[in-house]
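A.B. asks:
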Amino acid sequence: MILEHVLVLSAYLFSIGIYGLITSRNMVRALMCLELILNAVNINFVTFSDFFDSRQLKGDIFSIFVIAIAAAEAAKTITDPYKPLHEHLRYQKGINQTISIIKFSNLNNIQLRRK
Numbered sequence: 001m002i003l004e005h006v007l008v009l010s011a012y013l014f015s016i017g018i019y020g021l022i023t024s025r026n027m028v029r030a031l032m033c034l035e036l037i038l039n040a041v042n043i044n045f046v047t048f049s050d051f052f053d054s055r056q057l058k059g060d061i062f063s064i065f066v067i068a069i070a071a072a073e074a075a076k077t078i079t080d081p082y083k084p085l086h087e088h089l090r091y092q093k094g095i096n097q098t099i100s101i102i103k104f105s106n107l108n109n110i111q112l113r114r115k
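The UniProt record's numbering applies: residue 1 is where the sequence shown begins, and numbers increase by one.
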């Protein structure tokens, strides 16, 4: 494995992610670009870990932690738009109400009660 080739690939991925994060207006696209940035950093961790000391797995373990944190961040970001609808349904019919797509599409017309 040639170090320069992997670093150039990682730099390209990082640059594409930064460009997409700066220019995107869509939340899903921004989240994908953030994941691209984190994956470029993970490639660097694994590459430098293998290049400097291939017997220890410090870079590999650290990249696994970064992937776990990125997955938790993505799950939190994806579930945030459902919070107002969940609050509306809890006040309307009880806490065990399911979320329907029709009610989610009418969310713009709902005025939520504040505590």
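Idealized CB from N, CA, C, for every residue including glycine.
From a predicted model like this one, the values you see are computed outputs, not experimental measurements.
Which of helix, strand or coil does DSSP assign to Asn39?
C.D. replies: The answer is helix: DSSP assigns Asn39 an H, G or I state.
A.B. asks: Just the Cα atoms here: how many angstroms apart are Ala40 and Ser10?
C.D. replies: Going from the Cα of Ala40 to the Cα of Ser10 covers about 5 Å.
A.B. asks: In its own chain, which residues sit with a C-beta less than 7 Å from the C-beta of Arg29, not counting the 5 before and 5 after it?
C.D. replies: So the qualifying residues of the chain are Gly20.
A.B. asks: What would DSSP say about Lys115, mapped onto helix, strand or coil?
C.D. replies: Caution applies to Lys115, whose pLDDT of 48 falls short of 50 and renders its modelled position unreliable; the value that the coordinates give is listed next. If DSSP states are grouped into helix, strand and coil, Lys115 belongs with coil.
A.B. asks: Which of the three DSSP states, helix, strand or coil, is assigned to Asp53?
C.D. replies: Note: Asp53 maps to coil in three-state DSSP.
A.B. asks: Would you please state the rounded distance, in angstroms, between the beta carbons of Asn42 and Ser63? I believe it to be under 8 Å.
C.D. replies: With 8 Å as the limit, Asn42 and Ser63 qualify as a contact, their Cβ atoms being about 4 Å apart.
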